[in-house]
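Asks: Positions 63 to 517 (the working numbering) are the ones given, in order, by the sequence shown.
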Amino acid sequence: MDQPALVALSPLDGRYAAHSAALHPVFSESGLMRRRVRVEIAWLLALAAHPEIPELPAFDAGTRTALLAIAEDFTLDDAAAIKRIERTTNHDVKAVEYFIKQKLKAILGAAGAAEFVHFACTSEDINNLAYALMLRDARDQVLLPALDALIERLRQMAHAHADLTMLARTHGQPASPTTMGKELANVVARLERQRAQLAAIGIPGKINGAVGNFNAHVVAYPEVDWPQLARGFVEALGLHWNPYTTQIEPHDGIAEFCDVTRRGNVILIDLARDLWGYIAMGYFKLALKAGEVGSSTMPHKVNPIDFENAEGNLGIANALLTHFSEKLPISRFQRDLTDSTVLRALGTAFGHTLVALQALLRGLDKLAADPARIAADLDNAWEVLAEAVQTVMRRYGLPEPYEQLKALTRGHAIDRRALADFIDTLALPAAAKARLLALTPATYSGLANTFAKNI
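Quick look at the structure:
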């Protein structure tokens with residue numbers, strides 16, 4: 063770890079910097095600046111392409127390429143230049159405007175277009191689109207691939223353990239058996255549902271002026287169909303146009319984005335806790351890593367640290383995501399500034415989510431099922447077959463089936479012989495009785511293996 067990481071205030075920039083690195087180009091201040099520049103340049107090009115804005119003629123191909131390169135080739139040196147301008151303006155978006163105007167001076171055919179940079183825009187016209195692009199890029203380039211990798215690993219494990227019967231634990235107590243594969247398949251199905259919703263969210267954007275009414279636009283160019291121009295511009299960025307806003311886009315789309323991410327994270331917390339429990343019960347063993355220490359005082363310890371790390375990071379992420387979804391859609395009258403500082407923390411929530419996804423993958427790769435330990439638990443829980451026996455008794459009309467099995471099993475440890483002796487007393491058809499006598503906890507798993515294999 064280098065010295066800047068050792069003095070970082072946030073663990074995402076320190077201890078976890080390597081694990082969150084994929085999001086640094088997206089959610090850093092440089093990443094925000096780059097997308098602001100992209101929006102400003104795209105707006106300038108859209109205005110120049112409109113036939114009813116004669117004062118800004120269309121750029122030739124060479125000039126257009128040079129303008130696009132301002133955003134596409136944006137560097138940390140460019141970001142530093144914007145920060146130097148901001149020391150004077152004390153306004154971050156105005157600093158971006160001045161930066162672009164300086165760049166235009168060196169581009170043949172663009173110098174006369176300087177006053178059409180940021181034309182009729184409020185800062186939030188640029189900011190809302192820049193943040194929307196950040197969220198889209200984070201989702202498509204980083205978060206979904208990481209989630210897909212985790213889902214695929216869980217799917218592989220579900221298939222591998224489809225036939226590994228184990229006791230279920232409803233209320234923490236022995237219950238009708240399932241298979242390890244089916245339990246993992248359940249998680250895959252849940253995550254795929256949230257993944258589909260996250261991928262489908264249309265991230266809205268707007269570019270309609272100081273209070274959302276195109277006030278200055280209409281005065282300057284009354285002949286232009288500004289809503290049509292704005293819609294085409296926003297959609298060309300790959301975003302969803304929102305025509306009804308105040309000065310700010312109301313952030314409902316960001317709230318939806320945060321909510322679906324938070325729901326997925328809740329499922330992952332559930333997974334982390336269950337795997338922690340299965341490790342504690344010995345159903346999974348953890349792979350040893352040479353040189354690794356589990357406890358500073360107990361040499362024997364091999365701890366489920368990756369699942370604990372994931373649970374902690376997911377909790378931090380969800381605390382922030384909840385705040386975002388509750389706070390960001392609220393703004394006093396046509397605009398207050400409380401959203402500005404909150405939006406700057408978006409990367410923190412998604413950074414902790416990414417760290418957790420990677421921790422879960424590491425943890426899964428260390429797991430090895432212990433079939434002997436799982437089988438031993440099953441063989442000590444013959445009482446779970448009471449459900450099957452009383453259900454067959456119901457089919458054939460035997461008296462008080464539930465009550466009889468309750469008397470036999472509730473609070474009592476029974477073995478195979480005790481259950482067989484009870485079944486032998488029942489007036490059941492021979493085939494039904496034989497089926498029950500052949501049943502064991504290890505074979506009483508219903509269609510669990512089929513569900514696991516089909517995920």
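In this text, a Cβ means the ideal position worked out from N, Cα and C, and glycines have one as well.
1. Can the beta-carbon of L423 be found less than 9 Å from the beta-carbon of R252?
2. Hey, quick one: how far does the alpha helix (DSSP H) through S90 stretch, first residue to last?
3. Identify every run of the beta strand (DSSP E) within the stretch 345 to 412, keeping only runs that are complete inside it and at least 3 residues long; order them along the chain.
4. Can you name the residues that DSSP bridges to M228?
5. Over the uninterrupted alpha helix (DSSP H) stretch that includes A514, give me the two end residues.
6. Between which two residues does the beta strand (DSSP E) harbouring L481 extend?
7. Could you tell me which whole alpha helix (DSSP H) segments of length 4 or greater appear in the stretch 404 to 477?
8. Taking the runs of the alpha helix (DSSP H) that are 4 residues or longer, which of them lie wholly in the stretch 286 to 341?
9. Can you give me the C-alpha to C-alpha distance between V88 and H414, rounded to a whole angstrom?
10. Give the C-beta separation of Q309 and V273 to the nearest angstrom, bearing in mind that I take them to be a contact with Cβ-Cβ under 8 Å.
11. Have a look at D140 and N327 and give me their C-alpha separation to the nearest angstrom.
12. Ordered along the chain, which non-local residues of its own chain (more than five positions away) have a Cβ less than 7 Å from that of Y283?
13. For G174, which three-state DSSP category applies?
14. Does P289 pass the burial test, meaning 16 or more other C-beta atoms within 10 Å, or should it be called exposed?
15. For Q259 versus I329, is the C-beta spacing smaller than 9 Å?
16. Please determine, among A292, A434 and A421, the residue with the shortest C-alpha to C-alpha distance to Y345.
17. Under the rule that 16 or more other beta-carbon atoms within 10 Å means buried, what is G174, buried or exposed?
18. Just list the residues that DSSP pairs P503 with in beta bridges.
19. Under a three-way DSSP split, which group does G234 fall into?
20. Applying the 10 Å Cβ sphere with the 16-neighbour rule, what's the burial state of S3?
21. With a cut-off of 8 Å on the beta carbons, I'd call L499 and I485 a contact; round off their distance for me.
22. Using only the alpha-carbon positions, how far apart do Y340 and L348 sit?
23. I'd like the span of the alpha helix (DSSP H) that includes K167, first residue to last.
24. Quick one: using the 10 Å Cβ neighbour count with 16 as the cut-off for buried, is D154 buried or exposed?
25. Rounding to the nearest angstrom, what Cα-Cα distance links I103 and N190 in this structure?
26. For A492 and L460, what's the separation of their Cα atoms in angstroms?
27. Would you call the stretch 373 to 391 and the stretch 406 to 421 touching, i.e. three or more CB-CB distances under 8 Å?
28. Given a threshold of 16 other Cβ atoms within 10 Å of its Cβ, counted over all protein chains shown, does A438 qualify as buried or as exposed?
29. Anyone know if the C-beta pair for A504 and G425 falls short of 9 Å?
30. Per the contact definition of three or more C-beta pairs closer than 8 Å, is the stretch 185 to 201 in contact with the stretch 294 to 311?
31. Which one of K145, V69, T307 and T241 has the shortest CA to CA distance from M95?
32. Determine the DSSP secondary structure at P207, reduced to helix, strand or coil.
33. Using a threshold of 9 Å, state whether the C-beta atoms of P305 and V446 are closer than that.
34. In chain order, what residues of the same chain have a beta carbon less than 7 Å from the beta carbon of D122, not counting five sequence neighbours either side?
35. Just to confirm before moving on: does the CB-CB distance between G315 and I263 stay below 9 Å?
36. Per the DSSP calculation, P266 is bridged to which residue(s)?
Replies: In short:
1. For the purposes of this step, residue 423 is identified with residue 361 of the sequence shown, where counting begins at 1. For the purposes of this step, residue 252 is identified with residue 190 of the sequence shown, where counting begins at 1. For L423 and R252, no; Cβs fall outside 9 Å.
2. What you label residue 90 is simply residue 28 of the sequence shown in a count that begins at 1. Here S90 belongs to no alpha helix (DSSP H), and DSSP marks it neither H nor E.
3. 346 to 348
4. Taking the first residue of the sequence shown as 1, we reach residue 228 at position 166. Its beta-bridge partners are T240.
5. The residue labelled residue 514 in the question sits at position 452 within the sequence shown. Counting along the chain, the alpha helix (DSSP H) containing A514 begins and ends at A510 to N516.
6. Counted from its first residue, the sequence shown places residue 481 at position 419. Per DSSP, L481 belongs to no beta strand (DSSP E); it is in the alpha helix (DSSP H), R478 to D486.
7. 408 to 427, 433 to 441, 448 to 457 and 463 to 471
8. 288 to 298
9. Indexing the sequence shown from 1 puts residue 88 at position 26. Indexing the sequence shown from 1 puts residue 414 at position 352. The alpha-carbon separation between V88 and H414 amounts to approximately 14 Å.
10. Taking the first residue of the sequence shown as position 1, residue 309 is located at position 247. Taking the first residue of the sequence shown as position 1, residue 273 is located at position 211. At roughly 5 Å, the Cβ-Cβ gap stays under 8 Å, so Q309 and V273 are in contact.
11. One-based indexing of the sequence shown puts residue 140 at position 78. One-based indexing of the sequence shown puts residue 327 at position 265. About 36 Å.
12. For the purposes of this step, residue 283 is taken as the residue at position 221 of the sequence shown. Apart from sequence neighbours up to five positions away, the residues of its chain that approach Y283 with a beta-carbon distance below 7 Å are E114 and I115, ordered along the chain.
13. Numbered from 1 along the sequence shown, position 112 holds the residue referred to as residue 174. G174 sits in a helix when the DSSP states are folded into three classes.
14. Here residue 289 refers to the residue found at position 227 when the sequence shown is read from its first residue. Exposed, because fewer than 16 other Cβ atoms sit within 10 Å of the Cβ of P289.
15. Position 197 of the sequence shown, counted from the first residue, corresponds to residue 259. Position 267 of the sequence shown, counted from the first residue, corresponds to residue 329. Taking 9 Å as the Cβ cut-off, Q259 and I329 do not qualify as a contacting pair.
16. Position 283 of the sequence shown, counted from the start, is the residue given in the question as residue 345. The shortest C-alpha separation from Y345 is found at A434.
17. For the purposes of this step, residue 174 is identified with residue 112 of the sequence shown, where counting begins at 1. The residue in question, G174, is exposed, as its Cβ has fewer than 16 Cβ neighbours within 10 Å.
18. Residue 503 sits at position 441 when you count from the first residue of the sequence shown. Beta-bridge analysis with DSSP links P503 to no other residue.
19. Residue mapping note: residue 234 aligns to position 172 of the sequence shown, counting from 1. G234: coil per DSSP, three-state reduction.
20. Only positions 63 to 517 of the chain appear in the structure, and residue 3 is not among them; the question remains open.
21. Mapped onto the sequence shown, residue 499 falls at position 437. Mapped onto the sequence shown, residue 485 falls at position 423. That belief holds up - the Cβ atoms of L499 and I485 are roughly 6 Å apart, short of 8 Å.
22. Residue 340 sits at position 278 when you count from the first residue of the sequence shown. Residue 348 sits at position 286 when you count from the first residue of the sequence shown. Their backbone Cα atoms lie some 11 Å apart in a straight line.
23. Taking the sequence shown and counting its residues from 1, the one referred to as residue 167 is at position 105. No alpha helix (DSSP H) contains K167, which DSSP labels as neither H nor E.
24. Locating residue 154 in the sequence shown gives position 92, where the first residue counts as 1. Around the Cβ of D154, a 10 Å sphere holds 16 or more other Cβ atoms; the residue is buried.
25. Residue 103 sits at position 41 when you count from the first residue of the sequence shown. Residue 190 sits at position 128 when you count from the first residue of the sequence shown. In a straight line, the C-alpha of I103 is about 15 Å away from that of N190.
26. Numbered from 1 along the sequence shown, position 430 holds the residue referred to as residue 492. Numbered from 1 along the sequence shown, position 398 holds the residue referred to as residue 460. Rounded to whole angstroms, A492 to L460 spans 15 Å at the Cα level.
27. Verdict: yes, contact present.
28. On the sequence shown, position 376 is the one that residue 438 refers to. So A438 counts as exposed.
29. Position 442 of the sequence shown, counting from 1, holds the residue named residue 504. Position 363 of the sequence shown, counting from 1, holds the residue named residue 425. Not a contact, by the Cβ cut-off of 9 Å.
30. yes
31. Position 33 of the sequence shown, counting from 1, holds the residue named residue 95. Nearest option by C-alpha distance: K145.
32. In the sequence shown, the residue the question calls residue 207 occupies position 145. Secondary structure of P207 (DSSP, three-state): helix.
33. Residue 305 sits at position 243 when you count from the first residue of the sequence shown. Residue 446 sits at position 384 when you count from the first residue of the sequence shown. Contact flag unset, no.
34. Within the sequence shown, the letter at position 60 stands for residue 122. Once the five neighbours on either side are set aside, the close Cβ partners of D122 are G171.
35. On the sequence shown, residue 315 is found 253 positions in, with the first residue counted as 1. On the sequence shown, residue 263 is found 201 positions in, with the first residue counted as 1. Yes, the pair counts as a contact, with Cβ atoms nearer than the cut-off.
36. The count along the sequence shown starts at 1 and reaches residue 266 at position 204. H302, per the DSSP bridge assignment.
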